[in-house]
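Visitor: The opening residue of the sequence shown carries number 220 in the working numbering; numbering runs sequentially from there. Think of the CB as a built atom: it goes at the ideal place given N, C-alpha and C, for glycine as much as any other residue.
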Amino acid sequence: MKILMVCLGNICRSPLAEGILKSKVDSNKIIVESAGTSGHHSGEKPDRRSIDIADKNDIDISAQRSRKFVASDFNSYDLIYAMDESNYNNIVALSKNEEDIKKVKMILNESHPNSNFNVPDPYYGGDDGFKNVFDMLDEACNVIASKINDDDYAR
Ligand code: 4NP
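#1: Cβ of Tyr-342 within 7 Å of any heavy atom in ligand 1?
#2: Could you check where the alpha helix (DSSP H) with Ala-236 kicks off and where it finishes?
#3: Between the alpha carbons of Gly-228 and Tyr-342, how many angstroms are there, rounded?
#4: Less than 7 Å between the CB of Ile-230 and some heavy atom of ligand 1, yes or no?
#5: Closest to Ile-326 by C-alpha separation, out of Gly-348, Ser-314, Asp-354, Leu-313, would be which residue?
#6: Where Ser-242 and Glu-252 are concerned, what is the direct C-alpha to C-alpha distance, given to the nearest angstrom?
#7: Could I get the ranges of all uninterrupted beta strand (DSSP E) runs contained in the stretch 306-357, with 3 residues as the minimum, in chain order?
#8: Considering only residues of the same chain and omitting the five flanking positions on each side of Asn-328, which have a CB-CB separation below 7 Å?
#9: Around the C-beta of His-259, are 16 or more other C-beta atoms found within 10 angstroms, so that it is buried, or is it exposed?
#10: So the candidates are Asn-361, Ala-282, Ala-236; which of them puts its Cα closest to the Cα of Ala-301?
#11: DSSP three-state call for Ile-249: helix, strand or coil?
#12: Compute the beta-carbon to beta-carbon distance between Val-244 and Ile-367, rounded to the nearest angstrom, for a pair I have assumed lies under 8 Å.
#13: For Ser-186, tell me which candidate among Ser-233, Ala-364, Lys-315 has the shortest Cα-Cα distance.
#14: Can you tell me which of the three DSSP states Val-225 falls into?
#15: Taking all protein chains shown into account, do 16 or more other C-beta atoms lie within 10 angstroms of the C-beta of Gly-345, making it buried, or fewer, making it exposed?
#16: Pull up the distance between the alpha-carbon of Ser-295 and that of Ser-246, whole angstroms please.
Next up, the structure:
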């Protein structure tokens, strides 16, 4: 099973989502990666503030590099998690069919079903924003990991 975490720049939120979920699942069974809809930061490391908050929680995301989300990602992944509604719309705009669209989910709907809550973009804020994002993603990834471990997502 392959899961893709997607935000705008793939330097703040989705690298954290990737690192957090990876820390909770068996990497032999579940591949977790991330991408950004914009491509503006392609090839860059995660934002220093994301690296730092991950580090504080014993997760190393420093080897990740940003890449742009592409339409062929629908063929490569079973589940695609959007961090916010804008990411969701940008991802779905590249879909080819209903099957593609069904793969796309708002990540906070895992911890807050049907809420369509956004993971706030922390880029222009301070360190508090990154801690807040970490905590939200940690909560959502706990739910995803328990579904995976209960085989709810078995494919
Ligand atoms: P991300 O945050 O989508 O969580 O990676 C952002 C990173 C960069 C920019 C915006 C959001 N930017 O405008 O460069």
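Guide: On the basis of the supplied data:
#1: Translated into the one-based positions of the sequence shown, residue 342 becomes position 123. Yes, the Cβ of Tyr-342 comes within 7 Å of a heavy atom of ligand 1.
#2: Within the sequence shown, the letter at position 17 stands for residue 236. That run of the alpha helix (DSSP H) goes 232-241.
#3: Mapped onto the sequence shown, residue 228 falls at position 9. Mapped onto the sequence shown, residue 342 falls at position 123. Going from the Cα of Gly-228 to the Cα of Tyr-342 covers about 9 Å.
#4: Within the sequence shown, the letter at position 11 stands for residue 230. Answer for Ile-230: yes, Cβ within range of ligand 1.
#5: Residue numbering aside, residue 326 sits at position 107 when the sequence shown is read from its first letter. Among Gly-348, Ser-314, Asp-354, Leu-313, the Cα nearest to that of Ile-326 belongs to Asp-354.
#6: Taking the sequence shown and counting its residues from 1, the one referred to as residue 242 is at position 23. Taking the sequence shown and counting its residues from 1, the one referred to as residue 252 is at position 33. Distance between the alpha carbons of Ser-242 and Glu-252 is about 12 Å.
#7: 323-325
#8: Taking the sequence shown and counting its residues from 1, one reaches residue 328 at position 109. Correct list, in chain order: Ser-334, Asn-335.
#9: Against the sequence shown, residue 259 aligns to sequence position 40. With fewer than 16 Cβ atoms within 10 Å of its Cβ, His-259 is classed as exposed.
#10: On the sequence shown, residue 301 is found 82 positions in, with the first residue counted as 1. It is Ala-236.
#11: Start at 1 with the first residue of the sequence shown, and residue 249 comes out as number 30. If DSSP states are grouped into helix, strand and coil, Ile-249 belongs with coil.
#12: Counted from its first residue, the sequence shown places residue 244 at position 25. Counted from its first residue, the sequence shown places residue 367 at position 148. Right, the Cβ-Cβ distance comes to about 6 Å (below 8 Å), so this counts as a contact.
#13: Summary: the structure shown does not reach residue 186, with the chain confined to residues 220 through 374, and so no result is reported for it.
#14: Counting from one through the sequence shown, the residue named residue 225 turns up at place 6. The answer is strand: DSSP assigns Val-225 an E or B state.
#15: Stepping through the sequence shown from its first residue, residue 345 is reached at position 126. Answer is exposed; the Cβ neighbour count stays below 16.
#16: Residue mapping note: residue 295 aligns to position 76 of the sequence shown, counting from 1. Residue mapping note: residue 246 aligns to position 27 of the sequence shown, counting from 1. Each residue's Cα considered, the two are about 17 Å apart.
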